[in-house]
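Structure, as structure tokens:
2 protein chains.
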Amino acid sequence: MAKDNKVWNQNDAIPSLVQSKQQLERYGLDVDAQAILVATRLLAAGTKLGHASEVHFARFGLSTGRYRVLVELEDNEGEALPSQLAENLGVTRATMTGLIDTLERDGLVSRRTSAQDGRQRSVVLTEEGARRLQDMAPEHFARLEAMVGLLSIEERGVFLDLLGRVTQGISALTDETIKPDKPTGEFNKKQHGSKG
Amino acid sequence: MAKDNKVWNQNDAIPSLVQSKQQLERYGLDVDAQAILVATRLLAAGTKLGHASEVHFARFGLSTGRYRVLVELEDNEGEALPSQLAENLGVTRATMTGLIDTLERDGLVSRRTSAQDGRQRSVVLTEEGARRLQDMAPEHFARLEAMVGLLSIEERGVFLDLLGRVTQGISALTDETIKPDKPTGEFNKKQHGSKG
DNA sequence: ACAAATTAGTTAGGTGCCATACTATATTCA
DNA sequence: TGAATATAGTATGGCACCTAACTAATTTGT
Chain A
85 MAKDNKVWNQ
95 NDAIPSLVQS
105 KQQLERYGLD
115 VDAQAILVAT
125 RLLAAGTKLG
135 HASEVHFARF
145 GLSTGRYRVL
155 VELEDNEGEA
165 LPSQLAENLG
175 VTRATMTGLI
185 DTLERDGLVS
195 RRTSAQDGRQ
205 RSVVLTEEGA
215 RRLQDMAPEH
225 FARLEAMVGL
235 LSIEERGVFL
245 DLLGRVTQGI
255 SALTDETIKP
265 DKPTGEFNKK
275 QHGSKG
Chain B
85 MAKDNKVWNQ
95 NDAIPSLVQS
105 KQQLERYGLD
115 VDAQAILVAT
125 RLLAAGTKLG
135 HASEVHFARF
145 GLSTGRYRVL
155 VELEDNEGEA
165 LPSQLAENLG
175 VTRATMTGLI
185 DTLERDGLVS
195 RRTSAQDGRQ
205 RSVVLTEEGA
215 RRLQDMAPEH
225 FARLEAMVGL
235 LSIEERGVFL
245 DLLGRVTQGI
255 SALTDETIKP
265 DKPTGEFNKK
275 QHGSKG
């Protein structure tokens, strides 16, 4: 039995160009292997990022979503409606309920019924919530900075540009139909707002 | 009722440089705002990617993890051990059990007890599993290609390089301690966020 | 005024993944 | 030989997030 020294990094599954080529060959597809490589690496990075983000915020007793709720509250002068928060964070109202539940249980936010509209229960950032943000900020931002520490200032700008376009491209995975490959405009996905 | 003409609804609000600056100012931190912006955008992209990936694979009755299991099996001539799969995919063995359970239930893989080692139960890609991969391949790879379609060939190369280094940097979020960053032989500042 | 429709928020149930602890088999060593 | 240990796989329980259905409050239509 092989006695590999498994270090157990998450480095394991970095897809290679050879793998992409093999796959495309296997299925008899005429697709640019490099594009597939970029996309596959991106997906792998996304998975890794998501996990790392949860690990990171868990250090401060938070999750990615709950942290974002706190920041969003702070950006809104400490108070916001659940529906607002849900929309701004891109999660469903049901998810927001769960996030707020936990935050409230931990004393980081509190719910307040609206006097004007009895259906609304606005969410308020508590002192402890604000303090949590303050306390975690140094380490949080230091780690974020370290994350891009392997890029030079210049490269960060380039990366930002490219990442922006790639992020737009993510919708190619979720769109109903496959769109023609043309790097010209941005398209609206499916509208979700009030009746269109 | 506010009827904003926000065209970017549903998607997470894209963090801006101004927001990063405001945050750093609010907490009194001396950190490069652009670095934070890049990191924050990256985290947002990661979240979006993870979700989009699940949506994408759900079209084919799979999840991201289950698809990766099938591909890994195909790369290993249709058979592999759960522990192998778990290590190669960077998930725990417990997670792999769950993935295999579902794949087996759907008839895409089957379990086979090993004659040599009674503890091992190797996983075999079934005909239907191979067919599933074949069937989904055209759309799958077309969507992947479309995802990076907003990047030119050259830009893809650049992006690949930068993404690789950023992916390495993700460990900055999960490491026990914050490591000093050494970009390309330059000391920016102290990485200890301690004020004063 | 009052039933119908709309809206805000919550509850219920499901998926994907993980950590911990457990069972069963194999190996090591006194 | 037999107990201790290591390994392979699994069961259990947890979190994050989702969709769909639900309750309560407001608005609308006649």
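Here the protein sequences line up with chains A and B, keeping their order. Just so we're aligned, residue 85 is where the first sequence starts under our numbering, counting upward by one. Just so we're aligned, residue 85 is where the second sequence starts under our numbering, counting upward by one. Even for Gly, the Cβ is constructed at its ideal location relative to N, Cα and C. This one's a predicted model, so the numbers in the text were calculated from it and none came from an experiment.
Check	Outcome
Closest Cα partner of residue 213/B within the set 118/B, 98/B, 223/B and 189/B	189/B
Inter-residue CB distance, residue 256/A and residue 230/B (contact presumed, cutoff 8 Å)	4 Å
Sub-9 Å separation of residue 240/A and residue 119/B beta-carbons	yes
Where residue 260/B falls, given that 16 or more other Cβ within 10 Å makes a residue buried	exposed
Residue 194/B - DSSP class collapsed to helix/strand/coil	strand
The alpha helix (DSSP H) enclosing residue 242/B, as first and last residue numbers	237-253
Cutoff 8 Å; reference residue 99/B; Cβ partners in own chain excluding five residues on either side	121, 124, 125 and 128
Residue 280/A at chain B interface by Cβ criterion, 9 Å	Low per-residue confidence applies at residue 280/A: pLDDT is 24, beneath 50, and the placement is therefore not dependable enough to give any value.
C-alpha gap between residue 115/A and residue 173/A, whole angstroms	35 Å
Residue closest to residue 153/B, alpha-carbon to alpha-carbon, out of 248/B, 110/B, 193/B and 235/B	193/B
Residue 229/B at chain A interface by Cβ criterion, 9 Å	yes
Segment contact flag, the region 193-203 of chain B with the region 133-147 of chain B, C-beta cutoff 8 Å, min 3 pairs	no
Nearest-angstrom beta carbon gap, residue 226/B and residue 262/A [assumed within contact, 8 Å]	5 Å
Alpha-carbon spacing of residue 245/B relative to residue 199/B, whole angstroms	45 Å
Beta-ladder partner(s) of residue 152/B, from DSSP	Answer by DSSP bridge pairing: none, since residue 152/B is not bridged.
Boundaries of the alpha helix (DSSP H) in which residue 101/A is found, first to last residue	101-110
Residue 135/B beta carbon near the ligand ADP (any heavy atom closer than 8 Å)	This structure simply doesn't include the ligand ADP, nor any ligand for that matter.
Distance, residue 179/B Cα to residue 101/A Cα	27 Å
Boundaries (first-last residue) of the alpha helix (DSSP H) holding residue 203/B	Careful: residue 203/B lies outside any alpha helix (DSSP H) and carries neither H nor E.
Reference residue 163/A, options 238/A, 151/A, 209/A and 201/A, closest by Cα	209/A
Residues from the region 165-194 of chain A in contact with chain B, defined by Cβ distance under 7 Å	171, 172, 173 and 174
Test: residue 255/B CB closer than 9 Å to a CB of chain A	yes
Residue span of the alpha helix (DSSP H) that contains residue 120/A, given as start and end	117-142
C-alpha distance - residue 110/B paired with residue 237/A, whole-angstrom precision	23 Å
Assigned secondary structure, residue 113/B (DSSP; H/G/I helix, E/B strand, else coil)	coil
Per-residue DSSP class, three states only, for residue 272/B	Because the pLDDT at residue 272/B is just 41, under 50, the model does not fix this residue reliably, and the value given afterwards should be weighed accordingly. Note: residue 272/B maps to coil in three-state DSSP.
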